[in-house]
Amino acid sequence: MKIDYPDNYSLSDLNEKFFWKYLDLYKLFDLLNSQQLYFARLDQYEDGLEGITGKGIGLKAISQGQALTMENISTAFDKETQDRLIAGDQRNRKEYSDSIEASQKSQYACCWFVGDRESLAMWKLYSKKEGVAIKFKARQLTDTIIASAKSLTNTDFSILYYGPVEYKNIWPFDPHETFNGKFNGLKKDKSYIHENEFRFVAVVSSDKIGVHHHLKLPIGQVSNYDIEIITNPFMEQWQFDILKLVLHDFQIDDKLQKSKMEVRK
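Counting in the numbering used here, the sequence shown runs from 7 upward without gaps.
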């Protein structure tokens with residue numbers, strides 16, 4: 007895969023940072039067994055505007071609301087104008103639908119929370135009380151992901167780009183907001199700013215849109231990384247003890263630790 011990133015970003019920006027992934031135990035064991043990171047297609051995220059382009063936002067703005075029909079269009083227009091307006095509305099709606107579908111079904115993201123400390127909001131959003139958070143050194147993991155992506159050959163995935171997510175006024179429509187034409191997978195609405203995300207986004211060619219449900223990228227044994235595995239602050243002691251026994255089989259039980267957050271259980 008070709009590697010790309012925003013012009014104003016450098017790998018050195020990650021040298022002193024940490025990536026966190028909050029996940030349930032099933033996803034933890036999948037990572038440990040497969041030794042692969044899961045990249046989800048953008049149309050599988052709850053944010054319906056994932057990967058939207060600047061043009062797509064404009065199309066959404068002019069075609070929002072109820073679709074024009076002969077039953078609801080203003081009678082102030084003559085028949086020819088009514089037909090033209092209805093056809094234009096249908097065209098804009100289809101172009102918007104097609105553009106966001108193409109963008110979302112051609113891009114696959116692996117998302118990380120950036121921070122030095124645990125986030126209670128992220129615990130509640132992405133982890134059950136039996137779940138964990140894995141804390142990686144950001145530069146160490148990024149170097150591995152880039153090397154793994156470069157080594158992939160004979161694959162439908164042609165590009166891997168990465169960088170911090172930009173939080174913008176995507177919706178409701180803001181005519182003063184600007185959008186770079188590249189890296190649409192690194193843009194989200196400001197309503198998601200609490201996620202403080204860093205993303206790796208894999209892209210397929212136009213003739214492979216929608217072919218793959220997901221991507222799994224090899225990263226090797228997790229025990230080789232300088233990591234911490236932190237348990238949910240609401241996890242019970244007996245659950246912690248069992249998890250530690252299981253992680254012993256993966257030679258990472260020494261990486262397991264309890265949350266440092268003080269919560270009322």
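Where a beta carbon is used, it is the ideal one built from N, C-alpha and C, also for glycine.
May I ask which residues mark the beginning and end of the beta strand (DSSP E) holding residue i?
i	result
residue 17	Residue 17 -> no beta strand (DSSP E), and no H or E assigned at all.
residue 66	No beta strand (DSSP E) contains residue 66, which is instead part of the alpha helix (DSSP H) from 60–68.
residue 228	Careful: residue 228 lies outside any beta strand (DSSP E) and carries neither H nor E.
Have a look at the DSSP bridge pairing and note the partners of residue i.
i	result
residue 209	113 and 165
residue 32	Paired residue(s): none; residue 32 is not in a bridge.
residue 263	236
residue 118	204
Which first and last residues belong to the alpha helix (DSSP H) in which residue i is found?
i	result
residue 223	Taken as a continuous stretch (DSSP letters only), residue 223 belongs to no alpha helix (DSSP H), being part of the beta strand (DSSP E) at 220–224.
residue 48	Taken as a continuous stretch (DSSP letters only), residue 48 belongs to no alpha helix (DSSP H), as it is neither H nor E.
residue 174	Careful: residue 174 lies outside any alpha helix (DSSP H), inside the beta strand (DSSP E) at 172–174.
residue 13	First-last for residue 13: undefined, no H or E at that position.
residue 195	Residue 195 -> not in any alpha helix (DSSP H); beta strand (DSSP E) instead, spanning 193–195.
Shortest alpha-carbon distance to residue i belongs to which of the options?
i	options	result
residue 53	196, 263, 86 and 120	196
residue 28	172, 37, 20 and 22	37
residue 168	18, 102, 160 and 208	208
residue 111	185, 268, 219 and 20	219
residue 160	203, 123, 101 and 211	211
residue 34	94, 22, 258 and 20	258
residue 137	108, 32, 186 and 41	32
residue 148	87, 83 and 170	170
residue 126	48, 240 and 250	240
residue 263	173, 66 and 249	249
residue 204	8, 20, 14 and 93	20
In its own chain, which residues sit with a C-beta less than 8 Å from the C-beta of residue i, not counting the 5 before and 5 after it?
i	result
residue 104	none
residue 83	91
Can you tell me whether residue i is buried or exposed, with buried defined as 16 or more other CB within 10 angstroms of its CB?
i	result
residue 57	buried
residue 18	exposed
residue 194	buried
Return the chain-ordered list of same chain residues with a C-beta closer than 6 Å to the C-beta of residue i, the five sequence neighbours on each side being excluded.
i	result
residue 206	116, 151 and 168
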